[in-house]
Amino acid sequence: MRFRPVDTSFYDLFTESAQHLVVGAALLAEMLSETAVHADVAARMRQAEHEADETTHALFKRVNSTFVTPFDREDIYRLGSGLDDVMDMMDEVVDLILLYEVKVLPAELSEQVDVLQRCAELTAAAMPGLRTPGNLEEFWIEVNRLENAGDKNHRRILAKLFSGEFKTIEVLKLKDIVEALEGAIDAFESVANIVEQIAVKES
Amino acid sequence: MRFRPVDTSFYDLFTESAQHLVVGAALLAEMLSETAVHADVAARMRQAEHEADETTHALFKRVNSTFVTPFDREDIYRLGSGLDDVMDMMDEVVDLILLYEVKVLPAELSEQVDVLQRCAELTAAAMPGLRTPGNLEEFWIEVNRLENAGDKNHRRILAKLFSGEFKTIEVLKLKDIVEALEGAIDAFESVANIVEQIAVKES
Amino acid sequence: MRFRPVDTSFYDLFTESAQHLVVGAALLAEMLSETAVHADVAARMRQAEHEADETTHALFKRVNSTFVTPFDREDIYRLGSGLDDVMDMMDEVVDLILLYEVKVLPAELSEQVDVLQRCAELTAAAMPGLRTPGNLEEFWIEVNRLENAGDKNHRRILAKLFSGEFKTIEVLKLKDIVEALEGAIDAFESVANIVEQIAVKES
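So this is what it looks like as structure tokens:
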């Protein structure tokens, strides 16, 4: 009897993908510091985004060339794309800060970046657990909780932007940045939801 | 011989889901009235959105636990999500009005809310008819017609916003609200299109 | 022995669809010229968009009524929708210029329209080659290259918009137009990616 093992490298690639997000979130935090050299942080972010792309491509290539996948091919694509989307959104935040030459960012933005860093760490810690996805309930509940907190921050920041404290042109710039931050947090929630759906199917 | 009946509760759940949209559209109309207490209407909208979510979850749970579904599982998901998207968009309109503290809304907005109320009523009336979807042609034609009318309104409102009559910061606020309204109308059109596609498959 | 030929008209319909995009991109270029009568060009764009819709509908109708399709039904839908999305985005650019009554457009916008015209020509030339999609590698590589160039232009234009040279209300208008242009270029990239995926499957 031949035993055909399920390719374990899928878990490794998902973990690698999530680790890129930990790096990306750290660069985002650096970008918000008062002493940051924007062009320099943005260049490193572009590099991190590029490496994340390569992991995603390696994952998709493996799906196409593997006979037995640990779970539905389609779910592997969705989770891989979901992780990649987070990186793209974080990259966009950094890029907008550079492009719009925003020098002073409202302090509330760091709360959103804290949420992103926490989500990234949780996701990286959860990926090896995809072997038994039913055990990841705490992960997806906590990410959903963080997304709720992020949404409350987001609304508070928007209210502040429109409070009259900022010039209209600054509102226009900051709104784009703030919405991209919110988009990155939402993208983490999507990842958590995909993991939950995989767990439901497997159960 | 055992007869395995198609679960009729799917039709009930779709109808319930559409009825939440009738409630949501009415709250939106209330929000636009000059005497509305924004925080109060928004709280009731949040409650309505929450109840709509519960109907959607009940629907998805039933799809997962039912052997024979009245039409493709995938189409049930799409229609359920499509109805849920309308609620989310209407909730966003209310939320933005509250958040941006917009006191005076251009009168043209009520025309868009009229369109939404009409779409909601048509959709709620159509859902029980999913048993024989081919008979729902008038429904999807009328919703498409309403969406066209809404699109014309939308463009007229945008032109007015940029006519020089409003301060730029107000344009920025109102544009978000107006686009969310348009998004809600588009979401109704998507629902109508999904129903049409289900009818085509069944025919 | 009966030979069941694969319906060749799919290739013709994809080609027709891409030829509408060549027309659309030319109208967009006309819209940017200093002497353009905006309402007139916009009316012709609406007509072109309408004709493109009819081609898309003919394509989808044929998929539904044909037994043997040249490649996956789902991929035919994706490619057909992808081509249609480009037309919608180009139509939106023209529509926004008309609606916002923007008289003077920054010269950099024509570079983006050049990219669109080049993408449209490449796509129209590539469609008959779908019979042997593996030979279309140059097509998708070149469209991706053009999209990268378009992205660089886009960022340069955004930086210029926020440089202080424009009134805030003009920034608000131009940003919408510039983002719709970028959306049209991205939509071409999606088309190229779909073609690449079809080629990978066939290989």
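Chains as they are written, first to last, in my numbering: chain C, 1 to 203; chain D, 1001 to 1203; chain G, 2001 to 2203. The beta carbon of each residue, even a glycine, is placed where N, CA and C say it ideally should be.
Query: Per-residue DSSP class, three states only, for residue 2096 of chain G; Result: helix
Query: Contiguous alpha helix (DSSP H) assignments of at least 4 residues, all confined to the segment 126 to 190 of chain C; Result: 137 to 161
Query: Interface flag, residue 1169 of chain D vs chain C, CB-CB below 8 Å; Result: yes
Query: Residue interval of the alpha helix (DSSP H) (run including residue 2049 of chain G); Result: 2038 to 2065
Query: Between the CA atoms of residue 2057 of chain G and residue 2064 of chain G - distance to the nearest angstrom; Result: 11 Å
Query: Residue 28 of chain C: first and last residue of the uninterrupted alpha helix (DSSP H) it sits in; Result: 9 to 32
Query: Buried or exposed by the 16-neighbour rule on C-beta atoms within 10 Å, applied to residue 76 of chain C; Result: buried
Query: Neighbour list for residue 1158 of chain D in chain G, Cβ cutoff strictly below 7 Å; Result: 2099
Query: Neighbour flag for residue 1071 of chain D against chain G, beta carbons, 8 Å; Result: no
Query: Residue 78 of chain C at chain D interface by Cβ criterion, 8 Å; Result: no
Query: Residue-level contact to chain C via CB, residue 2172 of chain G, 8 Å cutoff; Result: yes
Query: Where residue 47 of chain C falls, given that 16 or more other Cβ within 10 Å makes a residue buried; Result: exposed
Query: For residue 1084 of chain D, the three-state DSSP class (helix, strand or coil); Result: helix
Query: Straight-line gap, residue 2123 of chain G to residue 2079 of chain G (C-alpha atoms, nearest Å); Result: 11 Å
Query: Same chain only: Cβ atoms within 6 Å of residue 1001 of chain D, ignoring 5 sequence neighbours per side; Result: Confidence is the limiting factor: at residue 1001 of chain D the pLDDT is only 49, short of 50, which leaves the residue's position unreliable, though a coordinate-based value still follows. Result list for residue 1001 of chain D: empty, nothing under 6 Å.
Query: Nearest candidate by alpha-carbon position, reference residue 2109 of chain G, set G:2099, G:2132, G:2135, G:2153; Result: G:2153
Query: Any chain D beta carbon closer than 8 Å to residue 155 of chain C; Result: yes
Query: Three-state secondary structure assigned by DSSP to residue 1107 of chain D; Result: coil
Query: Neighbour flag for residue 162 of chain C against chain E, beta carbons, 8 Å; Result: The displayed structure is made up of protein chains C, D and G, and chain E is not among them.
Query: Three-pair Cβ contact test at 8 Å for the segment 1126 to 1143 of chain D versus the segment 2134 to 2150 of chain G; Result: no
Query: Sub-8 Å separation of residue 82 of chain C and residue 115 of chain C beta-carbons; Result: no
Query: C-alpha distance - residue 2016 of chain G paired with residue 2070 of chain G, whole-angstrom precision; Result: 17 Å
Query: Neighbour-count burial assignment, residue 2014 of chain G, 16 or more Cβ in a 10 Å radius; Result: buried
Query: As assigned by DSSP and simplified to three states, the class of residue 1102 of chain D; Result: coil
Query: Residue 2072 of chain G, DSSP secondary structure in three states; Result: coil
Query: Exposure label - residue 1103 of chain D; buried when at least 16 CB within 10 Å; Result: exposed
Query: Buried/exposed call for residue 1095 of chain D, threshold 16 Cβ in 10 Å; Result: buried
Query: Buried versus exposed call for residue 2024 of chain G [16 or more other C-beta atoms within 10 Å across all chains shown]; Result: buried
Query: Cβ contact (3+ pairs, closer than 8 Å) linking the segment 162 to 178 of chain C and the segment 2163 to 2177 of chain G; Result: yes
Query: Simplified DSSP assignment, three categories, for residue 123 of chain C; Result: helix
Query: For residue 2173 of chain G, the nearest candidate out of D:1191, D:1158, D:1127 (CA to CA); Result: D:1158
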